[in-house]
Amino acid sequence: MRIASWNVNSLKVRLPQVLDWLARHQPDALCLQELKLEDANFPKAEIEAAGYFAAYYGQKTYNGVAILSRKPAKDVACGIAGFEDPQRRVISADVDGVRLVCAYVPNGQSLDSDKYRYKLGWLKAFSAWLERELAQHTRLAVLGDYNIAPEDRDVHDPKAWEGKVLVSPLERDAFGRLKALGLTDSFRMFEQPEKSYTWWDYRTNGFKRNLGLRIDHILLSTSLAATCTGCTIDLEPRRHERPSDHAPVVAELAT
DNA sequence: ATGGCTTGAGTGTCAAGA
263 MRIASWNVNS
273 LKVRLPQVLD
283 WLARHQPDAL
293 CLQELKLEDA
303 NFPKAEIEAA
313 GYFAAYYGQK
323 TYNGVAILSR
333 KPAKDVACGI
343 AGFEDPQRRV
353 ISADVDGVRL
363 VCAYVPNGQS
373 LDSDKYRYKL
383 GWLKAFSAWL
393 ERELAQHTRL
403 AVLGDYNIAP
413 EDRDVHDPKA
423 WEGKVLVSPL
433 ERDAFGRLKA
443 LGLTDSFRMF
453 EQPEKSYTWW
463 DYRTNGFKRN
473 LGLRIDHILL
483 STSLAATCTG
493 CTIDLEPRRH
503 ERPSDHAPVV
513 AELAT
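Numbering (the numbering used here), first residue to last: 263 to 517.
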């Protein structure tokens, strides 16, 4: 089973690239973040014509998440149960006997921002909810844009990023608490090239200079991690005309 | 260079991303 995650930064703009990527890679499931469109405008017909089912939870302008799957998604749930959030950032579903959680973690803007406090509160609720989900679903994967670079090796210039959002100790603690629930960062289960990133700033020509961060992750429950045979970042879409600023992350499961 | 680019909203030029 092949599962993937991609922050597309507007599904409207990126739809041709998503359809092309589905055709090339034939994932069993693709989790999308930052749809930036209302459910009424979701390109359901185009996705279905490509041979995929879609479960989606979108809103106007910002946020929005979806799970595309070869087989129909079952038991679709939107949001974090028990956590009121007007921002649509989480959708989960069963696909092929695996519980998939697709998440778009808040950015936080800056350490002194209300958005940073929202991010930390959001992560606390997310973690508490995932603990309950893990108790119900042995085979669970959490895919998405975490907006956290877990370690300095996930940052092109740790000195320059010190004191900034995405790398702060409190965010890294929150990521550590997810791992403490029994979730494994699938990318780090395998030997990887140095300077592996999933996001590069549009403004500084960051991709060409590989000035990036690894902030998109696929975390796996213990029993699912035991079946994982590989995890890679696909740089190809980032080279396209009008790319998303994020690259897809792909995990292979021997199931 | 509290910048650089890309979106969406909506026709001016912000807000937000990371």
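Cβ coordinates follow ideal geometry from the N, Cα and C atoms, glycine included.
Just so it is clear, the structure is predicted and the values come from calculations on it, not from any experiment.
(request) Give the DSSP bridge partners of Arg264, in chain order. (result) Glu514
(message) For a test of the three-state rule: what should DSSP assign to Leu212, helix, strand or coil?
(response) In the structure as shown, the chain begins at 263 and stops at 517. Residue 212 is therefore absent and cannot be evaluated.
(message) I'd like the list of long-range same chain contacts for Thr466, defined as Cβ closer than 7 Å, with 5 residues on each side in sequence excluded.
(response) Leu473
(message) Taking its Cβ as the centre, do 16 or more other Cβ atoms sit within 10 Å of Pro499, making it buried, or is it exposed?
(response) buried
(message) According to DSSP, simplified to helix, strand and coil, what is Val327?
(response) strand
(request) Could you give the DSSP three-state label for Gly406: helix, strand or coil? (result) strand
(message) Assuming contact is defined by CB atoms lying nearer than 9 Å, are Ala509 and Asp496 in contact in what I supplied?
(response) yes
(request) Report buried or exposed for Arg379, applying the criterion of at least 16 other Cβ atoms within 10 angstroms of its Cβ. (result) exposed
(message) Check this for me: beta carbons of Leu385 and Ala436, under 9 Å apart or not?
(response) yes
(message) Given this structure, state the Cα-to-Cα distance separating Gly425 from Ala311, to the nearest angstrom.
(response) 46 Å
(request) Would you kindly report the start and end of the unbroken alpha helix (DSSP H) that includes Lys336? (result) That residue, Lys336, is in no alpha helix (DSSP H); its beta strand (DSSP E) goes 336–340.
(message) So, with DSSP's three-state summary, where would you put Ala316?
(response) strand
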